[in-house]
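**Student:**
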Amino acid sequence: MYDERKKILVIDDSSLILGSVSHMLGGKYKVYCATSGPKAMEIIEVNPPDLIFLDYAMPEFNGKDTYEFIKQHPGMENVPIIFLTAMSDAVHVKELIQLKPAGYLLKPPTPFKILEAAQKYLG
């Protein structure tokens with residue numbers, strides 16, 4: 015049976031955040047989870063998402079690198095990416111906004127904020 019729900023990819027090195035966000039969205043959307051940028055690219059190859067929630071501070075392949083890599087991938091240029099970040103200081107927020115993401119949410123995200131963001135881009 016084909017699942018017609020919109021696909022969301024959640025990328026975060028925290029299994030707690032992955033589980034939480036996946037639970038918040040799972041009833042309405044098809045949710046894929048990745049613990050790193052390289053793992054996310056493997057998922058994108060097979061199941062291109064309609065929306066991405068991306069952790070900004072990850073070890074090795076950070077959110078900025080992952081964002082830029084995804085945006086360069088054919089067919090992913092216009093997929094909205096919303097950053098999830100625990101950093102709210104002016105330096106990090108300015109750096110994040112310069113990437114021109116679809117948006118950003120502070121961690122821990124509330125179910126209302128996550129669903130509101132998803133609905134804004136996916137209906």
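Heads up: the sequence shown runs through residues 15 to 137, numbered per the working numbering.
Where a beta carbon is used, it is the ideal one built from N, C-alpha and C, also for glycine.
From a predicted model like this one, the values you see are computed outputs, not experimental measurements.
Does the structure place the region 83-90 close enough to the region 38-47 that three or more beta carbon pairs sit under 8 Å?
**Tutor:** no
**Student:** Do we get a CB-CB distance below 9 Å when we pair S102 with the residues of chain C?
**Tutor:** The chain inventory of the structure shown lacks chain C, comprising one protein chain alone.
**Student:** Just verifying my parser: in three-state terms, what is the DSSP assignment at V93?
**Tutor:** coil
**Student:** Helix, strand or coil: which one does DSSP assign to T49?
**Tutor:** coil
**Student:** Closest to L129 by C-alpha separation, out of R19, L30, V35, would be which residue?
**Tutor:** V35
**Student:** Helix, strand or coil, according to DSSP, for K134 in the structure here?
**Tutor:** helix
**Student:** If you reduce the DSSP assignment to three classes, tell me which class Y43 lands in.
**Tutor:** coil
**Student:** Excluding the 5 residues flanking M38 on each side, which residues of the same chain have their C-beta closer than 6 Å to its C-beta?
**Tutor:** Shown here for M38: same chain residues with a beta carbon closer than 6 Å to its own, the five before and five after excluded, namely P125, I128 in chain order.
**Student:** Taking the beta strand (DSSP E) that D69 belongs to, which residues open and close that run?
**Tutor:** First-last of the beta strand (DSSP E) with D69: 65-69.
**Student:** Cα separation between S50 and I57?
**Tutor:** 11 Å
**Student:** My guess is that L98 and P123 are in contact by the Cβ rule of under 8 Å, so how many angstroms apart are they, rounded?
**Tutor:** 6 Å
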